[in-house]
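For what it's worth, this note's numbering labels the leading residue of the sequence shown as 13, then goes sequentially. Where is the CB? At the ideal position from N, CA and C, for every residue including glycine.
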Amino acid sequence: MTEEPPKYKYMPEELWVTPDLKGVDPKKVVEYLLAALSDEILAFHQYMLTAYAVKGPYSEEISEIFMKIAEDELNDHFKKLAGRLQDYNVDIPDFRDFWSLSRCKQPKLPEDPYDIDAWLEAAIEAEECAIKFYREIYDYVRDRDVRTEEIIEHILSDEIEHYTLFKNLLAKSKS
Ligand SMILES: [Fe+2]
Ligand SMILES: [Fe+2]
13 MTEEPPKYKY
23 MPEELWVTPD
33 LKGVDPKKVV
43 EYLLAALSDE
53 ILAFHQYMLT
63 AYAVKGPYSE
73 EISEIFMKIA
83 EDELNDHFKK
93 LAGRLQDYNV
103 DIPDFRDFWS
113 LSRCKQPKLP
123 EDPYDIDAWL
133 EAAIEAEECA
143 IKFYREIYDY
153 VRDRDVRTEE
163 IIEHILSDEI
173 EHYTLFKNLL
183 AKSKS
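Next up, the structure:
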């Protein structure tokens with residue numbers, strides 16, 4: 013077995029603090045941003061896994077929807093959070109750290125690829141956790157770190173959209 017490479021040092025000796033911050037602990041904001049960034053990569057992974065795993069009569073339609081949402085998580089949410097972390101002089105974490113940094117982790121995934129409802133339920137669970145967590149971050153940064161507030165508000169609104177979309181698909185499939 014080849015030896016594991018050492019971890020990239022993504023945390024600086026000292027965080028950069030922009031002059032607009034008012035009354036936040038920069039370390040706490042960075043902790044929140046790193047947890048959210050990790051949640052996004054895990055959500056991307058969960059939805060791509062779902063898109064490829066599902067089987068059965070409606071699986072093509074479902075797979076397309078999951079791929080589209082996975083794209084939001086990576087190309088929009090992940091990038092916005094990574095951009096904000098750059099303002100604090102923080103880089104992307106080592107891949108091995110994503111799980112421990114993540115707040116929401118991943119829900120238990122279904123074993124049956126034909127059980128589309130169960131895959132939708134897992135996605136709803138993931139979005140539920142994301143919404144609660146983004147709400148917590150929003151409450152912390154509101155009026156105190158306006159740039160982060162803006163990003164979190166945008167992502168939160170997207171996660172609510174995802175949540176409703178999955179709920180609707182589940183309701184449709186059950187009717
Ligand atoms: Fe997201
Ligand atoms: Fe989402």
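| Query | Result |
| --- | --- |
| Compute the Euclidean distance between the alpha carbons of D106 and W28, then round it to the nearest angstrom. | 20 Å |
| For ligand 1, any of its heavy atoms closer than 7 Å to the Cβ of I172? | no |
| Please report the Cβ distance between A48 and F145, rounded to the nearest whole angstrom; I am assuming they are in contact, meaning their Cβ atoms lie under 8 Å. | 7 Å |
| Please classify R108 as buried or exposed, where buried requires at least 16 neighbouring CB atoms within 10 angstroms. | exposed |
| By a C-beta neighbour count over all protein chains shown, 10 Å radius and 16 as the cutoff for buried, is A135 buried or exposed? | buried |
| Answer with buried or exposed for K91, where buried requires no fewer than 16 other C-beta atoms within 10 angstroms of its C-beta. | exposed |
| Quick one: complete alpha helix (DSSP H) runs, 4+ long, within the segment 108-183? | 110-113, 128-153 |
| Is any heavy atom of ligand 1 found at a distance shorter than 7 Å from the C-beta of H166? | no |
| Rounded to whole angstroms, how far is the Cβ of I53 from the Cβ of F110, which I believe are closer than 8 Å? | 5 Å |
| Please identify the residue among L121, D151, Q118 whose C-alpha is closest to the C-alpha of E165. | D151 |
| Note the first and the last residue of the continuous alpha helix (DSSP H) segment covering M60. | 38-65 |
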